Each structure stands twice: as structure tokens, then as C-alpha cells.
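Novice: Going down the list, the sequences are from chains H and B.
Under the numbering used here, read the first sequence as residues 1 to 113, first letter to last.
Under the numbering used here, read the second sequence as residues 114 to 227, first letter to last.
C-beta atoms are modelled at their ideal positions from N, C-alpha and C, and glycine is treated no differently.
Computed from a predicted structure; not experimentally measured.
Mind having a look at this structure? Questions to follow.
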Amino acid sequence: DGGITQSPKYLFRKEGQNVTLSCEQNLNHDAMYWYRQDPGQGLRLIYYSQIVNDFQKGDIAEGYSVSREKKESFPLTVTSAQKNPTAFYLCASNLQGIPDTQYFGPGTRLTVL
Amino acid sequence: AQSVAQPEDQVNVAEGNPLTVKCTYSVSGNPYLFWYVQYPNRGLQFLLKYITGDNLVKGSYGFEAEFNKSQTSFHLKKPSALVSDSALYFCAVRDLYNFNKFYFGSGTKLNVKP
Chain H
1 DGGITQSPKY LFRKEGQNVT LSCEQNLNHD AMYWYRQDPG QGLRLIYYSQ IVNDFQKGDI
61 AEGYSVSREK KESFPLTVTS AQKNPTAFYL CASNLQGIPD TQYFGPGTRL TVL
Chain B
114 AQSVAQPEDQ VNVAEGNPLT VKCTYSVSGN PYLFWYVQYP NRGLQFLLKY ITGDNLVKGS
174 YGFEAEFNKS QTSFHLKKPS ALVSDSALYF CAVRDLYNFN KFYFGSGTKL NVKP
């Protein structure tokens, strides 16, 4: 899982609550990403950030928010507006501007009770 | 738009037999292609990549992939499967116009039976 950590590994939330998933990397990567993975489906991009204090919406940004105050950190908040938040969330990062691979964290499994 | 397709949801193979996991791509221009493996409740692990050069790319754990431009394919192969290879495999392509976007296939579950 490279130099990317995600916490917590498992997270339970009651309906109507906001929760924040942590993602930290020590790879000195500029670009960071959040993906959502549902059973039997591929990865869907929620948000990505190419540089500190800047981020872009991915394909399924509704109900999610992010911040990028530090290069190493890219937390994801799952808000109460996300209607079906139960999923496996993956954070990733890569070097910017060259066709290198993406590195992934171990993931956080969020379950709404 | 860039995309990859994995036509098989599941591949079953006996231990010791060769395995192939299929991937086709659709890009305008030269593709940057990747294979990843995912074990249950884990993140994706990088296996190999094709950027340019030799069409046969060798990667981790004895896997290799063959880039075929005429067939727009990038199939993952291994000469002799192990039970421990059982996992979910993803093909991905990197956006040529925005290096910071990756497109992933839907994944193929590989089952290797003893």
C-alpha cells in the first residue's frame, strides 16, 4: 500500500451524520484522489487535487466534500446529503505530469447504520 | 474519451494452468496502461505498466501483459497460476490530456482452484 495511510479502517455512521475519512501520504506526491468502490463495480472518482488549496470534482462528487490544506493530507467528508454512503473508500496519489502509476492506501469501509 | 473494458466479470482457472485476464482500451493516441490487483478489504497494488517500448511487459509476482495496438488490448497473463493469485484485477488507462485522471475497468475476479 506504499506510503499512503487511511484511517479508520472501518467506520460506522448513523444516518444524518457527517463523517470524515483521513488520507495521508509521505511520497511527496502532488496529486491525490478519492475513489468509491461498490461491490461488483470498479472505482468511481469522487474528487481529486493536483495542488494544495485546489481540488476538482470527479464523477460522483455530490454529497462529498474535501480539503487540501497540506500537500500530505486530503481528507474526505461524507455528508448527510450522500444518500447511499455505505461503500469502500480508497485514497490514491501520484506524481504529477509524468505517466507513472497511482499508489493506493489500504481503504476505509464505511457502513451506515 | 479514454476508457478500458474488462469483458469478463470472473475467470476460473486450475492451479498450474496458464491464466489470462482480458482488457481492451479506447484512447486517442498512445495509451498509458496499467494493471492492479486487489485482495479483499485492501487497496489496489500496482502490478505492471505499459508506457512505450517492448510490447511484452513483465511485472510483479510473475505476471506479464502484452500490448497489442492492432487489437487495442492489454491482456494480463501468467504461465502458471497459483491459488494465492485469486483476487480482483483491474485494468486502467491514464488520460493522455490530463495525466492526473485514471480510468479503471470494472474489475475481473480471478479464481484459482487447487
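Note down the Cα distance separating threonine 5/H from glutamate 62/H, rounded to an integer number of angstroms.
Specialist: Rounded to the nearest angstrom, the two C-alpha atoms are 24 Å apart.
Novice: Please state the DSSP three-state secondary structure of aspartate 198/B.
Specialist: Reduced to three states, the DSSP call for aspartate 198/B is helix.
Novice: Give the secondary structure of tyrosine 174/B by DSSP, where H, G and I count as helix, E and B as strand, and everything else as coil.
Specialist: Tyrosine 174/B: helix per DSSP, three-state reduction.
Novice: Using 10 angstroms around the beta-carbon of aspartate 122/B, count the other beta-carbons present and answer buried if the total reaches 16, otherwise exposed.
Specialist: By the 10 Å Cβ count, aspartate 122/B comes out exposed.
Novice: What are the residues of the stretch 208-219 of chain B that lie near chain H, defined by any Cβ-Cβ distance shorter than 7 Å?
Specialist: For the stretch 208-219 of chain B, which is checked against every Cβ of chain H, the residues closer than 7 Å are Phe212, Asn213, Phe215, Phe217, Gly218 and Ser219.
Novice: So, asparagine 18/H versus serine 80/H, is the Cβ gap smaller than 9 Å?
Specialist: Contact: yes.
Novice: Take the Cβ of glutamine 41/H as the centre, count every other Cβ of all protein chains shown within 10 Å, and call the residue buried at 16 or more, exposed below.
Specialist: Glutamine 41/H is exposed by the Cβ-count criterion.
Novice: When DSSP labels each residue in this structure, what does threonine 185/B get in the three-state scheme?
Specialist: If DSSP states are grouped into helix, strand and coil, threonine 185/B belongs with coil.
Novice: Give the straight-line distance between the Cα atoms of valine 206/B and glutamine 82/H, rounded to the nearest whole angstrom.
Specialist: If I take the Cα positions, the gap works out to 28 Å.
Novice: Per the contact definition of three or more C-beta pairs closer than 8 Å, is the stretch 26-34 of chain H in contact with the stretch 7-18 of chain H?
Specialist: With a cut-off of 8 Å, the stretch 26-34 of chain H and the stretch 7-18 of chain H do not count as touching, because too few Cβ pairs lie within range.
Novice: So, is the C-beta of arginine 109/H closer than 9 Å to a C-beta in chain B?
Specialist: Arginine 109/H counts as touching chain B.
Novice: Sorted by chain position, which residues of the same chain lie with C-beta nearer than 6 Å to alanine 127/B's C-beta, five sequence neighbours on each side aside?
Specialist: Same-chain partners within the cutoff: Lys226.
Novice: Determine, for glutamine 96/H, whether the minimum Cβ-Cβ distance to residues of chain B falls below 9 Å.
Specialist: Output row for glutamine 96/H: interface = yes.
Novice: Between aspartate 1/H and chain B, is any beta-carbon pair separated by less than 9 Å?
Specialist: Low confidence applies to aspartate 1/H: its pLDDT is 48, below 50, so where it sits in the model is not reliable enough to give any reading.
Novice: Run through chain D and tell me which residues come within less than 9 Å of glycine 105/H, C-beta to C-beta.
Specialist: The structure shown contains no chain D; its protein chains are H and B.
Novice: What whole-angstrom Cβ distance do phenylalanine 104/H and leucine 157/B have, given they're in contact under 8 Å?
Specialist: That belief holds up - the Cβ atoms of phenylalanine 104/H and leucine 157/B are roughly 4 Å apart, short of 8 Å.
Novice: Assess contact between the stretch 187-200 of chain B and the stretch 130-139 of chain B, defined as three or more Cβ pairs (one per stretch) separated by less than 8 Å. Is contact present?
Specialist: Contact holds: three or more Cβ-Cβ distances are below 8 Å.
Novice: Within the 9 Å Cβ cut-off, does aspartate 100/H reach chain B?
Specialist: At least one chain B Cβ lies under 9 Å of aspartate 100/H.
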